[in-house]
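Visitor:
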Amino acid sequence: MLSSFLRHFTRGLLWFAVASIAVVLVLRWVPPPGTALMVERKVESWFSGEPIDLQRDWTPWEEISDELKVAVIAGEDQKFASHWGFDIPAIQAALAYNERGGKVRGASTLTQQVAKNMFLWSGRSWLRKGLEAWFTALIELFWSKERILEVYLNSAEWGKGVFGAQAAARYHFGVDASRLTRQQAALLAAVLPSPIKWSASRPSTYVASRAGWIRRQMSQLGGPSYLMQLDASRRL
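Here the numbering used here is used: the first residue of the sequence shown is 2, the next is one more, and so on.
See below:
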């Protein structure tokens with residue numbers, strides 16, 4: 002019985018690995034029709050008694066403001082161009098901080114966030130973290146950095162039912178994603194840690210202050226010229 006179980010379990014793992022690799026490869030070129038996070042938010046709204054209409058319009062890389070691309074990197078993952086999906090020093094620092102009894106702090110890279118938002122559920126279980134690491138590795142292996150950021154910007158949450166740069170730009174500022182200013186981009190990046198609680202169009206004192214910090218980090222990174230590093234890091 003044990004032998005049969007192990008055989009079926011191994012076969013299941015193999016099929017899962019093959020299927021997940023195939024999906025990640027396809028999404029290297031095909032715009033994802035949606036994300037696991039979008040499904041989760043929709044289901045949550047049904048149970049809360051306040052159904053929401055999801056807003057999302059896939060927007061190609063060329064039609065997204067370079068200011069927003071750099072703002073998100075500055076606010077969320079400044080080592081994005083150089084790491085392979087995991088910021089080990091940041092993870093070690095977060096673990097040390099949490100062990101000292103501080104409020105639980107994460108250290109997810111943009112790639113890890115793409116993996117979670119696209120394929121997984123919310124939560125902090127070891128199973129989810131293990132699957133997140135698997136999908137993160139696949140994404141880094143098969144996608145360019147530009148593609149990772151493009152998918153991130155089209156799947157990030159920026160309000161109740163508001164997903165992606167285009168929907169966020171229209172919802173918060175009444176413009177297309179290609180026309181976002183540096184200030185608007187910084188405000189959008191500033192609310193990413195808590196997009197339901199905070200608003201880019203009605204920023205609190207804290208959000209405004211964080212947006213100012215992000216603008217300074219954008220300048221230190223080199224502004225839009227920083228994006229040239231992403232092209233240089235393409236693989237495959």
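Quick reminder that beta carbons are idealized off the backbone N, C-alpha and C, glycines included.
Quick one: Cα of Tyr-153 to Cα of Met-2, how far?
Guide: 44 Å
Visitor: Under the rule that 16 or more other beta-carbon atoms within 10 Å means buried, what is Gly-76, buried or exposed?
Guide: Buried is the call here.
Visitor: Measure how close the beta-carbons of Leu-228 and Asp-78 come, nearest whole angstrom, since I'm counting them as under 8 Å.
Guide: Not really, about 14 Å apart at Cβ, beyond 8 Å.
Visitor: Could you pull the DSSP bridge partners for Gln-56 from this structure?
Guide: Val-163
Visitor: Give the single residue among Thr-110, Gln-93 and Phe-136 whose Cα lies nearest to the Cα of Val-19.
Guide: Phe-136
Visitor: Can you pull the DSSP bridge partners for Glu-147?
Guide: According to DSSP, Glu-147 bridges with nothing at all.
Visitor: Output the distance between the C-alpha atoms of Pro-196 and Trp-159, rounded to the nearest integer angstrom.
Guide: 5 Å
Visitor: Classify Glu-51 as helix, strand or coil using the three-state DSSP reduction.
Guide: coil
Visitor: Under the DSSP definition of a beta bridge, which residues are partnered with Glu-158?
Guide: Phe-164
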